[in-house]
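Engineer: Numbering (full-length UniProt numbering), first residue to last: 1 to 283.
Think of the CB as a built atom: it goes at the ideal place given N, C-alpha and C, for glycine as much as any other residue.
All figures in this text were calculated on a predicted structure; none of them were measured in a lab.
Here it is, the structure, as structure tokens.
What follows is the structure, given as structure tokens:
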């Protein structure tokens, strides 16, 4: 697309000759006008929601001031995140740790801090304070649903509030972390895992996502996974994963059939949609 100054040479904002313009030649091109309208509309929405009551919007200068304030806040948040990295260092280097967390699958335990675990999860706080489960500093608690790497990611999230970047087997690990977040009541981790899984959702993993969404009562994830299954019904039903899925998740197969029927009804009973329904019966 050509720069807007090549289309409208007299724009007083984006034209390279804007400095020589004088009223009344202070017009702007369509692109700059639309951009200004979008910016002001967004800020007016913030004002109507009570987020900017003390600073009524008067023009673009207010918009740029608001953007500058947000940039400064973002910089401050980044500095705070860097500060919190010290907790992760204490975890990785086992600085003054007082409890061992044992993963499932026989992996090595990870040393952690009892107080931080209790502060991040009410469930873990109960486990650590229970007479039956309370352990001295030399002993451990077990999180059997997580292997060693998933446990490391889980603990690091409790310490700094974010997950590691792209890693191998990320999809499988995200599913394990979502189940752990639901079990140990860590809402922020649950939301983070849901977002990552939605971003990677496709026909190849829709059944896995649907299964874990049902297990942890994630309605947002469940709706999206069901939509992916219905949209790619033929590919999903003929996949090697579907037969095992159907054997262990009969109730979800019923929901898939109903979703396909609803789609068929909404679209007027197209032959293509009828074919999808027959696929389920053929399996």
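1. Consult DSSP for residue 123 and reduce its assignment to one of helix, strand or coil.
2. Rounded to whole angstroms, what is the Cα-Cα separation between residue 205 and residue 28?
3. In the DSSP assignment, what are the bridge partners of residue 293?
4. If you run the structure through DSSP and keep just helix, strand and coil, what is residue 135?
5. Can you check which of these residues, 162, 251, 116, 106, is closest to residue 98 by C-alpha distance?
6. List the DSSP bridge partners of residue 111.
7. Cβ atoms of residue 146 and residue 210: under 8 Å apart, would you say?
8. Using only the alpha-carbon positions, how far apart do residue 140 and residue 157 sit?
9. Would you check if the distance between the CB atom of residue 123 and the CB atom of residue 185 is smaller than 8 Å?
10. Put residue 162 into one of helix, strand or coil per three-state DSSP.
11. Would DSSP call residue 227 helix, strand or coil?
12. Please report the straight-line C-alpha distance between residue 245 and residue 189, rounded to a whole angstrom.
13. Using 8 Å as the threshold, is the C-beta distance between residue 235 and residue 187 below it?
14. Determine the burial state of residue 67: buried for a count of at least 16 other Cβ atoms within 10 Å of its Cβ, exposed for fewer.
15. Quick check on the burial criterion: 16 or more other C-beta atoms within 10 angstroms. Buried or exposed for residue 42?
16. Shortest alpha-carbon distance to residue 219 belongs to which of 195, 70, 69?
17. In this structure, does DSSP put residue 38 in helix, strand or coil?
Structural biologist: Inspection of the coordinates gives the following:
1. helix
2. 49 Å
3. Residue numbering for the chain in the displayed model covers 1 to 283; residue 293 lies beyond these limits and cannot be assessed.
4. Note on residue 135: pLDDT 48, under 50, position unreliable in the model; the coordinate value appears next. DSSP places residue 135 in coil when its eight states are reduced to three.
5. 116
6. 100
7. no
8. 19 Å
9. yes
10. coil
11. helix
12. 26 Å
13. no
14. exposed
15. exposed
16. 195
17. helix
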